[in-house]
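Please read the structure below before turning to the comments.
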Amino acid sequence: MTQSYVIIGDGVAGSSAAETLREEEPDADITVITDEGEALYNRILIKEFAKGKLPEAPISIHDESWYTERDIDLRLNTLVVDIDVDGHTIETHEGAEIPWDKLLIATGGTPTQLPVDNSDAEGIHHFWTFQDARAIKSHMEAADSSVVIGAGLLGIDLAAITAAQDVEGKYLMRGNRWWRYALSKDGAEIIHDALRERDVEPVFDSGVDHFETDEDGRVTTAVDPNGDEYDADFVGIAIGLNFNTEILQDTPIETDTGVVVDEYMRTNHDDVFAAGDITEFDDLILGERAQNGAWGSAKEQGSIAAQNMVEYGSEPFEWVSSYSITHFDFPFLSFGHPTLGDDEAEAKYSDTEWRRLAFKDGRIVGGVLIGDLSPQTKYKQLMRERRVVADQKDVLMQETFELDDLELEETAAE
Amino acid sequence: MSRSVRSQGDVDIGPTLVECDPTEMNASDRVRDLDQLSERDCRAFLDAVEDATREIDASELTAGDVVRYTAYYRVV
Chain A
1 MTQSYVIIGD GVAGSSAAET LREEEPDADI TVITDEGEAL YNRILIKEFA
51 KGKLPEAPIS IHDESWYTER DIDLRLNTLV VDIDVDGHTI ETHEGAEIPW
101 DKLLIATGGT PTQLPVDNSD AEGIHHFWTF QDARAIKSHM EAADSSVVIG
151 AGLLGIDLAA ITAAQDVEGK YLMRGNRWWR YALSKDGAEI IHDALRERDV
201 EPVFDSGVDH FETDEDGRVT TAVDPNGDEY DADFVGIAIG LNFNTEILQD
251 TPIETDTGVV VDEYMRTNHD DVFAAGDITE FDDLILGERA QNGAWGSAKE
301 QGSIAAQNMV EYGSEPFEWV SSYSITHFDF PFLSFGHPTL GDDEAEAKYS
351 DTEWRRLAFK DGRIVGGVLI GDLSPQTKYK QLMRERRVVA DQKDVLMQET
401 FELDDLELEE TAAE
Chain B
1001 MSRSVRSQGD VDIGPTLVEC DPTEMNASDR VRDLDQLSER DCRAFLDAVE
1051 DATREIDASE LTAGDVVRYT AYYRVV
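Protein sequences appear in the order of chains A and B.
At position 164 of the first sequence the residue is numbered 164 (this note's numbering), and the sequence of numbers has no breaks.
With positions in the second sequence counted from 1, the corresponding number in this note's numbering is that position plus 1000.
In structure tokens:
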């Protein structure tokens, strides 16, 4: 009978797994290891702290007593330096060797560094952890000018922090619009206008060639490939995440961009599982391997992984993710995989209401809603049921529609 | 969730959403983002925000809970 579980990572995936494991296995040894100095916190809301909106206290989700009460051994500030898959042990930077019967990799990602001159200058920030948020908040409160790089879902947070702290900002994007793989120009322009209203100017077909610094090594200017210069005593870089798979390099665990797992969150080794942002999983709804970086998805993966660590095959991961942006007066929701697919439909209903759906093989695989989130439940239901509906875009894109308005087969597609 | 029933005129109303100031949060306040609600509670929350009475029926939200949406809302 399995007795010991080790979880590497105390984000929502790792923490969710620990909680589920304790519920399923009251007597097992459970160890959670994290390189951060604090237990689970609300990663979605750290941007609200950086904006100066929320105080620090409510962002903490677990304190150390939460683990103690559940007899979970929490190791903060601890790096795992080696994983012996055959020997079923891990080694920490302190030389501790911890045995495991089942291992969960929930190590998430680290912000991608920008490979240009002076990208490590003082005043240049990446944004992923609560510590990052503290540093950003402190610096932004004293800043006069901000440059943000990265036209995706993480970059928009830095732009919003700039705006909330009343700092004038430039938001440099490589393409001609924000989140160009998910939004058309019509949809993106709603975001651009909202940023401009808050004194953050989108700059298109731009980027950073190099940074310039003062004699103390602090950033002063971002210079784009066109030679344009932007004053910046604060720089925020959000160009992607590198997934923390280095610890698996010398192991037989299959990795690609992330850790490859099946629908039960198991790797190619029977006793090693993975959960959260780091996984490349068999997406049962999409019908192909996918990655997903949303809180709800990570939390569910952690719970599912734990159930399958106890009894493999007990529950597959099947989930439609959601990712909201709530920086502006209007809501924004991305669901599923809006950047994938072989077909699409979009509609604009007003200056602040727009919608786009992505289809693959006739089925909805994702979408983006701006301004009106009410159709999300219907779209997600159609996704879960794998309904072929791309031939009824006229109905799907009506401002208001009911599922009964669609001609659907009696049984959901396999 | 235990529902507290209050009265508004002759009508009993359940929990409602009230906009609140995030800078006044306490350490004990449970604050969550919209994406951290269950699908059912997310639907209930969005319906309540749009409703004139702001009455909400969400199984995992109790009085005092705060939800971050385009503004901050407290369940009262």
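Every residue, glycine too, gets a C-beta built ideally from N, C-alpha and C.
| request: Rounded to whole angstroms, what's the CA-CA distance from A/E414 to B/V1031? Just pull it up for me. | output: Here the question's residue 414 of chain A lines up with position 414 in the first sequence. Here the question's residue 1031 of chain B lines up with position 31 in the second sequence. Confidence at A/E414 is low in this model, with a pLDDT of 49, below 50, so the placement of that residue should be treated as unreliable; the coordinate-derived value is given next. Rounded to the nearest angstrom, the two C-alpha atoms are 39 Å apart.
| From what residue to what residue does the alpha helix (DSSP H) around A/A274 run? | Counting from 1 along the first sequence, the entry for residue 274 of chain A is found at position 274. That residue, A/A274, is in no alpha helix (DSSP H); its beta strand (DSSP E) goes 272-274.
| query | Touch check for the region 1037-1044 of chain B and the region 1055-1072 of chain B: three-plus C-beta pairs under 8 Å? | reply | yes
| query | Which bits of chain B does A/W66 rub up against, with CB to CB less than 7 Å? | reply | Numbered from 1 along the first sequence, position 66 holds the residue referred to as residue 66 of chain A. Simply none; closest approach about 14 Å.
| Straight-line CA distance for A/K360 to A/D342? | Walking along the first sequence from the start, residue 360 of chain A turns up at place 360. Walking along the first sequence from the start, residue 342 of chain A turns up at place 342. Cα to Cα, A/K360 sits roughly 5 Å from A/D342.
| When you compare only the Cα positions, how much space is there between A/T112 and B/R1054? | For the purposes of this step, residue 112 of chain A is identified with residue 112 of the first sequence, where counting begins at 1. For the purposes of this step, residue 1054 of chain B is identified with residue 54 of the second sequence, where counting begins at 1. Cα to Cα, A/T112 sits roughly 42 Å from B/R1054.
| Per-residue DSSP class, three states only, for A/G236 | Against the first sequence, residue 236 of chain A aligns to sequence position 236. A/G236 falls in the strand class under three-state DSSP.
| query | So what's A/H126 in DSSP terms, helix, strand or just coil? | reply | Locating residue 126 of chain A in the first sequence gives position 126, counting from the first residue. In this structure, A/H126 counts as strand in the three-state DSSP scheme.
| For the putative contact between A/P338 and A/V368, defined by C-beta atoms under 8 Å, what is the C-beta separation to the nearest angstrom? | Your numbering for residue 338 of chain A matches position 338 in the first sequence. Your numbering for residue 368 of chain A matches position 368 in the first sequence. 5 Å between Cβ atoms; contact.
| query | To which residues does DSSP link B/E1039 through a beta bridge? | reply | For the purposes of this step, residue 1039 of chain B is taken as the residue at position 39 of the second sequence. Paired residues: none, contrary to the question.
| said: DSSP three-state label for A/L419, please. | reply: Residue 419 of chain A is absent from the model: chain A starts at 1 and stops at 414.
| request: Run the CB neighbour count on A/V94, radius 10 Å, all protein chains shown included, and call it buried at 16 or more, exposed below. | output: Translated into positions along the first sequence, residue 94 of chain A becomes position 94. Sequence check: residue 94 of chain A is Glu here, not Val. Exposed, because fewer than 16 other Cβ atoms sit within 10 Å of the Cβ of A/E94.
| request: Could you check the C-alpha separation between A/G347 and A/A39 for me, to the nearest Å? | output: By 1-based counting over the first sequence, the position of residue 347 of chain A is 347. By 1-based counting over the first sequence, the position of residue 39 of chain A is 39. Sequence inspection shows Ala at residue 347 of chain A; the Gly mentioned does not correspond to that position. For A/A347 and A/A39, the distance between alpha carbons rounds to 43 Å.
| message | In this structure, how does DSSP classify A/I56 when only helix, strand and coil are distinguished? | response | Walking along the first sequence from the start, residue 56 of chain A turns up at place 56. Checking the sequence, you will find Glu at residue 56 of chain A rather than Ile. Note: A/E56 maps to coil in three-state DSSP.
| said: Please identify the residue among A/V12, A/E48, A/I59, A/K51 whose C-alpha is closest to the C-alpha of B/D1028. | reply: For this step, residue 1028 of chain B is matched to residue 28 along the second sequence. This sequence places Ser at residue 1028 of chain B; Asp is not what is there. Looking at the Cα atoms, A/I59 is the closest of the given residues.
| query | How many angstroms separate the CA atom of A/I456 from the CA atom of A/K51? | reply | Because chain A is modelled from 1 through 414, residue 456 of chain A falls outside the range shown and cannot be assessed.
| request: Work out the CA separation of B/A1052 and A/D409 for me, nearest whole Å. | output: Along the first sequence, read from residue 1 onward, the residue named residue 409 of chain A stands at position 409. Along the second sequence, read from residue 1 onward, the residue named residue 1052 of chain B stands at position 52. The residue asked about is misnamed: residue 409 of chain A is Glu in this sequence, not Asp. If you take the alpha carbons of A/E409 and B/A1052, they lie about 37 Å apart.
| query | Would you call the region 272-291 of chain A and the region 244-261 of chain A touching, i.e. three or more CB-CB distances under 8 Å? | reply | yes
| Hey, how far is the Cα of A/G108 from the Cα of A/D166? | By 1-based counting over the first sequence, the position of residue 108 of chain A is 108. By 1-based counting over the first sequence, the position of residue 166 of chain A is 166. Roughly 32 Å separates the two Cα atoms.
| field | Which residues DSSP lists as bridging A/W100, in chain order | value | By 1-based counting over the first sequence, the position of residue 100 of chain A is 100. Paired residues: none, contrary to the question.
| field | Those residues which DSSP pairs with A/E346 across a bridge | value | The residue you call residue 346 of chain A lines up with position 346 of the first sequence. Note: A/E346 sits in a beta bridge opposite A/R356.
| message | I need the straight-line Cα distance from A/E229 to A/S184, nearest angstrom please. | response | To locate residue 229 of chain A, count along the first sequence from 1; it is residue 229. To locate residue 184 of chain A, count along the first sequence from 1; it is residue 184. Using only the alpha carbons, I get a separation of about 28 Å.
| Would you say B/T1053 reaches chain A, if we count a Cβ-Cβ gap shorter than 7 Å as a contact? | Residue numbering aside, residue 1053 of chain B sits at position 53 when the second sequence is read from its first letter. False, the Cβ-Cβ gap to chain A never drops below 7 Å.
| C-beta contact flag for A/I370 and A/I156 at 7 Å | Translated into the one-based positions of the first sequence, residue 370 of chain A becomes position 370. Translated into the one-based positions of the first sequence, residue 156 of chain A becomes position 156. Not in contact: A/I370 and A/I156 (Cβ atoms no closer than 7 Å).
| message | If the criterion is Cβ atoms closer than 7 Å, does the pair A/N415 and A/E246 meet it? | response | Residue coverage of chain A in this structure runs from 1 to 414, which leaves residue 415 of chain A outside it and unanswerable.
| Around the Cβ of A/G169, are there at least 16 other Cβ atoms within 10 angstroms (buried) or fewer (exposed)? | Counted from its first residue, the first sequence places residue 169 of chain A at position 169. Buried, by the Cβ-count rule.
| request: State the Cα-Cα distance for the pair A/E97 and A/S138, rounded to the nearest angstrom. | output: As a first step, residue 97 of chain A is located in the first sequence; it is residue number 97 there, counting from the start. As a first step, residue 138 of chain A is located in the first sequence; it is residue number 138 there, counting from the start. Approximately 38 Å, taken between the alpha carbons.
| task | Would you grab the beta carbon distance between A/S427 and A/A238 for me? Rounded to a whole angstrom, and I think it's under 8 Å. | result | Here chain A comprises residues numbered 1 to 414, so residue 427 of chain A is not present and cannot be evaluated.
| Would A/W100 count as contacting chain B if we go by Cβ distances under 7 Å? | The residue given as residue 100 of chain A occupies position 100 in the first sequence. No, because no Cβ of chain B sits closer than 7 Å to the Cβ of A/W100.
| query | So, does the CB of A/A275 fall closer than 7 Å to a CB anywhere in chain B? | reply | The count along the first sequence starts at 1 and reaches residue 275 of chain A at position 275. No, no contact with chain B.
| said: Short of 6 Å in beta carbon distance, which residues of its chain neighbour B/V1075, apart from the five on each side in sequence? Order them along the chain. | reply: By one-based count along the second sequence, residue 1075 of chain B stands at place 75. The answer, listed in chain order, is P1015, L1061, A1063, D1065.
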